[in-house]
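Protein chains in written order, with numbering that gives the first Met the number 0: chain A, 0 to 804; chain B, 0 to 442; chain C, 0 to 193.
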Amino acid sequence: MTAAHAELVTLTVDGKEITVPKGTLIIRAAEQLGIEIPRFCDHPFLEPIGACRQCYVELEGQRKLLTSCTTEVGPGMEVKTQFSSEVAQDAQVANLEFLLLNHPLDCPICDRGGECPLQDQALAFGPGESRYREPKRVYEKPIALSPLVALDRERCVLCARCTRFCDEISGDRFIELFARSAGERVSIAAGEDFRSPFSGNTVQICPVGALTSTTYRFAARPFDLSTADSVCGHCSSGCNVRVDLRRGEVVRVLARDNVEVNDAWICDKGRYAFAHADLDTRITTPLIRDQGLEPVSFDEVFGEVARWSAGGRVAFLTSGRLPDEDAYALSKLARTVFGTNDVDHRRAPNGGHAEEIAAATPLATTYRDVERAKVILVAGLDAEQEVPILHLRIRKAARRGAKVFVIHPRATRLRDVAEHQLCRPEHQTYVLERIHDADGGDGTFEDRVSAALREAGAEAVVIAGERLAEHPLATDVALSVAQRFGARFAYVTRRANDRGALRAGLHPALLPGGRRVSNDVERGEVEAVWGGVGPADPGRSARQILEACARREIDVLFLVGVDPLRDFPDATLARRALANVRYKVVQGLELGDLEPYADAFLPAAAWSERDGHVTDWEGRSQPMRPVRGPLGLSRPDWEIFAGLAEAMGGDLGFGSLDELREEAAGLLAPRAVPERSTAWTGTGRPQLLGDLTLFSYPLLVDEGRLLEGADQLKAALEDPAFAEVHPDDAEKRGVQDGGRVRVKTEAGELDLPVRITRDVAAGAIFVPFNQPGSPANAALAGGFIEPASVEAVEAGSASNAEGAA
Amino acid sequence: MTDPIITANWGNPDVVGIDGYVAAGGYESLRTALGMTPADLIDVVKASGLRGRGGAGFPTGVKWSFVPQDTGKPTYAVANFDESEPGTFNNRELIERDPHQFLEGLAIATYAIGSHEAYVYCRGEFLWPDQVLERAIAEAFAKGVFGDDVLGTGYPMNVIQHRGAGAYICGEETALLSSLEGFRGQPRLRPPFPAVEGLYGCPTLINNVETLCNVPHIVRNGASWFAGIGPEKSPGTKIFSVSGKVERPGNYELPMGTTLETLLEEHAGGVLGGRRLKAWTPGGSSTPMLTDEHRDVALDFESVAAAGSLLGTGAIIVMDETDCIVEATRRLVAFYAHESCGKCTPCREGTWWVSRVLGRIESGYGRPEDLPLLDDIGKNILFRAFCALADGAVSPIQSSLRYFRDEYEQHIAERRCPFTGAGPGVQTHGREVEGSGLSEVLG
Amino acid sequence: MPVLAEDLRGNAEEIKARYPKGRERSAILPLLYLVQSVEGHVSRDGLREVAELLGLTTAEVEAVATFYTMLRLAPTGTHLVNVCTNLSCALRGAKDVYEAAHDVTGISNGTGVSDDGLFSIAEEECLGACDAAPVVQIDFANHDRVTPDRMRELIEQVRAGEIPTPSRGESPADLRHASRILAGIDGRGDGEER
């Protein structure tokens, strides 16, 4: 329902008339008139509580004052705020006096100083002098709630914003109000960390300096900072952020409110992993291999690369992290200048028809749709770890009464609000098929899901995650489920601009807008804009490119913002590929593990240093703004691509971002994908890969490049590598909890500490992709799942002693 | 002189057991009620004019009628046996001496709102009374008063006893519900009102023990019988709990509208040792104190309000001429500071501040500007807090300053307590609030 | 060793079963009493076990436990002596009784445990028996009109291993027993006493 359908109420605030939907709180109605009523506990994204009592207003005809944050508007109400009511103003001053009784006078050393609602109000209308003669409350401080969040109880005004956030929004109820009366205080339980990937939001919404980030304590003053609005570059949530710099270095990232996207929240990775662009490993000059890698000019590199590429056997690997404009430039470069479709950004290759739709049609399913859904089916996605803000939106829907179902090999943090069906990774397709085919009844999980989907119709959302793309059919089966019940559908991949890359055609079979390379009409539409488009046959996928490299079928491999040794599931293949391709051109912020392989390096500007757009999982393209200029000689990727094109004797046809956008706009306009039956016809029975199945995906906080330098974040949230095994499987193999296991596949083996848990499906073994100690890709070959065997490593000393006795 | 109604059985120890209670005519009203429609039953209680005895005096029948029917959710009846208002002790004795009378009233109320599930929220500190009730409930189940087939009518009714754990605020009905649901006992926003969204988000009726004890008698004797007792707007009897400086402290069931004079002199034996009446609370510590001049005030909702106080729970705490009003006020405010749930600012900070200022005055560290300060803090707390607990704290502050300001001034001028001699270097009696540092000042 | 051994796990399940399905959180207070009946106070391990039983975080349980005064989060004497000092009792001399309790047990503050481990003292708010002021509870059993001398007698009686006869009803043997009754598993007196 939009506001237009809702019942409207007209009232006056300080004599000004306003009409708002029924149910609106007075404080919100006043805001719409530009009247700010002071508040501490009130937060537009949290439920009203009426605890701080700061927002008193007078209501004509009422004896008692009312808190405007808990009182809904009524027809004909005459509300008088502090601006027109002396009584309301007196009450606000008196309340401020109460709040300041025990508040320390440490503003000069408080991180909140200069941007503190309490300080602002005290200055604006607080009592100038305190009538309080007694000693103030004293607490030990600061208390480390986690490696990221510190608590100063003396500054706390007990507004309960932080605890309500953990209760209502994240569900990570590790901080609570303890005790009562004047002894009431925010606390964690002894021995229990505030281990939540959303913990930093509590710092941001704290209306005083009680909660502070360890990364920002004593780091800066608001007047020291320069600030720019941007979009987070970590995952496909598309969070709107504000980046604060001091002397050119990022010191803080904050969430910006956007009800269409991230509400008011970001995850801790987005908030605290900002150091990577400023690390010593950053390279900001072009390099070319002579004796070693020597600094040269861009033009020298371009010339060399053009010479290497003359034979035409060129391929491009990239990640889902190039901004929209740069992705478009690369897509065009590969096709029109190098004449190849060997370009790919994906890690999991089987998006199927769902991928084509995602490329063609942005915003078919949005955060709003998720929020309002009555039924949500999530398959192949660990939302909290992969797309955290989507996870929060699913929780929000659940709080509003949505039924949530999850199909996944491993329990997710939606567990308290969703029904999970844990199944081996290769069984997810089968579960989806059974949902598709179910005829009602309410016996099985599949019956319940299909019945719920049927009832909800268009008010249901089916979310297919990247894990499904491991199976050639699974995403399309999920799509068929959505189509059968009339549900909305979203294919959600993880990296910040995966969707933008897909839209731009960084895909061997798809051109911009999801147009198929192999379809004459669709290819023709691109040709009309570009002039030429390269071959009509689809190119190689990322994996096929690496295989071709390994077979020496490629001469020049461009690695644009990607490190196949770390980012792809088959480390051995990546190593062979790099060894067997003649020229490796690396473009990005640093060389890292690619240093021994690189023949040329092209320094790119960091996320925070460029203009452009980024497309979130919904397909929403949002502008990001440079918060500073590119370091050293580094340049935005699209400029590098334009330079390369020129060196190759070509021309990308745009000399500025505006020209680029103008050209791309037509090709990226939403288009309907012709109805096409999916390849899926039913597999009948689940296919078992083997005795056990190893599966892997990156956790939110791991050894990924973008997390380098985020030490406190890692201390708070990063686990060393581990393997999860179901108790039934453990028992059969004599594996004991807390011991070690050897996970063996054809590709390799891993020796890991084991957790025995029912949170992983029987028959499945989970190893996170890139935790410290043991990256999973040493044991992965084709993709992120792999047949495997597990055996206990040498029993621990305790059981030895037992045996000896 | 009206005969006692709800304390009529107090002389008969046999009624504690169900057989004795039945022999005395017990559970007949429940049988009668089960033969009526819920709507008729509610009409009878409405017509009787019975008002809630927990303090607020809301018409009981009207409250019953607010509970919506056919919502598709369960409906709950909750009895509030969290009697904690200082000076109040009638619920405890009603349960100790006649538990089945209460259970009968609860059963009738539960039936009247179409509920099958009743909870009794018991004060945890009432270890023995709670055991009396536990045994009575077990007997009632055994005799078919509760269970799948109440008195053979086929109406199922379950009763669950739930003990609190030491928090005055849980007597406030929304805080009680928070506590019963397993949360900290902090009050909740209204609306939604408990009648609509109460326990577990379902329609819920909450009644005080004394209120429910009246119900079987109204069903038995009729609405007009009850309405004919006492004043028109506050019909029935009230159990007045009398304590403090009187010769015969205790519970006295008298018609509403009985004057303090009658209660004190004819029933409670007058002020202890024949001393002069100095101050008294009409309805527990949360109601403004009155003085010797108010002896003739009739103890009913309207008359006490007209005298500038509240009938509250009808708990009369009597202070005589040797008692220090500043210390009495300090002790009461310290109670509110200790029992404040912590949720809202004026209550949490205000009661704490006042208790410290009063502690200073009582121990000889008062300053002349403290009295206007106390006036001001009281004004700034009153009607500004989340719930009525803080207003209760303001009652002793404002009333003592109104009637005994000279005594405060004397404390400040003499730099000591004129009654106890407490002053600089002389320790007074202090209460610690955990983590508050309160003891630093009062120690 | 868990705080709640096997037999008590059964009690814990019974307690949870009192409340409607999905509303087991309501059992938090009786479960905390159950833990207190084992250890004589509610320890960190106890908080954790209650959290596990209810599927809550330990913080959620501790937040509740610290709200209510009858749950003792610090080690407590075998017997808990509650002295009401609210107005009605104060007017009748509760302060002297409170001080006598300290003198005779040797406890110098309101939160500690006597050296023999037998006693803790708590200053109580109104115990709802103001006609019998000053009121003292030993392990939550009421003793009416207690004078300082009577307070000393009561303490001595407990020291001698007796259970003082309360003014009404029955008295539990100690705080652990009282906590068991409070958990709602021993209150009818028809079960086996622990």
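All C-beta atoms in this analysis are idealised placements derived from N, C-alpha and C, irrespective of residue type, glycine included.
Relative to residue 661 (chain A), the option among A:328, A:438 and A:780 whose CA is nearest is A:328.
Secondary structure at residue 142 (chain B): coil, using DSSP grouped into helix, strand and coil.
Residue contact with chain B for residue 141 (chain C): present (Cβ-Cβ distance below 8 Å to some residue of chain B). For a Cβ distance threshold of 8 Å, residue set 124 of chain C lies close to residue 337 (chain B), ordered along the chain. Contact annotation for residue 46 (chain C) against chain A: 188 [CB-CB distance below 8 Å, chain order].
In this structure residue 118 (chain C) touches residue 78 (chain C) by the C-beta definition: roughly 5 Å separates them, less than 8 Å.
Of the other Cβ atoms in all chains shown, fewer than 16 fall within 10 Å of the Cβ of residue 108 (chain A); this residue is therefore exposed.
Looking from the CA of residue 334 (chain A), the closest CA among A:508, A:782 and A:758 belongs to A:508.
By the 16-neighbour rule on beta-carbons within 10 angstroms, residue 223 (chain B) is exposed.
The Cβ-Cβ distance between residue 384 (chain A) and residue 406 (chain A) does not fall below 8 Å.
Counting only residues of its own chain and dropping the five nearest sequence neighbours on each side, residue 356 (chain A) has a CB closer than 6 Å to the CB of 672. What residue 174 (chain A) touches in chain C, judged by beta-carbon distance under 7 Å, is 58, going in chain order. Inside the segment 563-604 of chain A, DSSP marks whole alpha helix (DSSP H) runs of 4 or more residues at positions 563-566 and 570-579, from first to last along the chain.
When CB distances to chain B are screened at a threshold of 9 Å, the residues of the segment 50-68 of chain A falling below it are 50, 51, 52, 53, 55, 62, 63, 64 and 66, in chain order. Residues of chain B whose Cβ lies closer than 7 Å to the Cβ of residue 180 (chain C) are, in chain order, 126 and 130. If the five residues before and after residue 21 (chain A) are omitted, its C-beta is found closer than 8 Å to the C-beta atoms of 5, 6, 7, 8, 71 and 72, all from its own chain and listed in chain order.
Taking residue 514 (chain A) as the centre and dropping the five residues before and after it, the same chain places the C-beta of 521, 522, 524 and 525 closer than 7 Å to its C-beta, in chain order. Across the segment 236-257 of chain B, CB contacts with chain C closer than 8 Å involve 240, 241, 242, 243, 244, 248, 249 and 250, in sequence order along the chain. In this structure, the straight-line span from the alpha carbon of residue 576 (chain A) to that of residue 542 (chain A) is close to 10 Å. With at least 16 other beta carbons inside 10 angstroms of its own, residue 163 (chain A) counts as buried. Residues of chain C whose Cβ lies closer than 8 Å to the Cβ of residue 191 (chain B) do not exist, since the nearest Cβ in that chain is about 18 Å away. For residue 622 (chain A), the uninterrupted beta strand (DSSP E) run begins and ends at 620-623, by DSSP. When only Cα atoms are considered, residue 92 (chain B) and residue 208 (chain B) end up about 10 Å apart. Taking CB atoms only, residue 65 (chain C) has a neighbour in chain A less than 8 Å away. For residue 418 (chain A), same chain residues with a beta-carbon under 6 Å away, outside a window of 5 residues either side, are 404 in chain order. CA-to-CA, the gap between residue 58 (chain B) and residue 86 (chain C) works out to about 30 Å.
Look at residue 47 (chain B): its C-beta is not under 8 Å from any C-beta on chain C. Residue 280 (chain B) and residue 53 (chain B) do not touch by the CB rule: their CB atoms are close to 16 Å apart, not below 8 Å. Per the coordinates, the alpha-carbon of residue 146 (chain B) lies some 5 Å from the alpha-carbon of residue 156 (chain B). If you look at residue 121 (chain B), you'll find it in the beta strand (DSSP E) that goes 116-121. Fully enclosed alpha helix (DSSP H) runs of no fewer than 4 residues occupy 473-484, 497-503 and 519-529 of the segment 472-546 of chain A, in order along the chain. Contact between residue 158 (chain A) and residue 40 (chain A) is confirmed by a C-beta separation of about 4 Å, below the 8 Å threshold. In this structure, the CA atom of residue 307 (chain A) is about 8 Å from the CA atom of residue 554 (chain A).
Residue-level contact check: residue 169 (chain C) touches chain B, since one or more beta carbons of chain B fall below 8 Å from its beta carbon. Residue 737 (chain A) counts as exposed, since fewer than 16 other C-beta atoms from the protein chains shown sit within 10 angstroms of its C-beta.
Taking a Cβ-Cβ cut-off of 8 Å, residue 93 (chain B) has no neighbours in chain A, whose nearest Cβ is about 29 Å from it.
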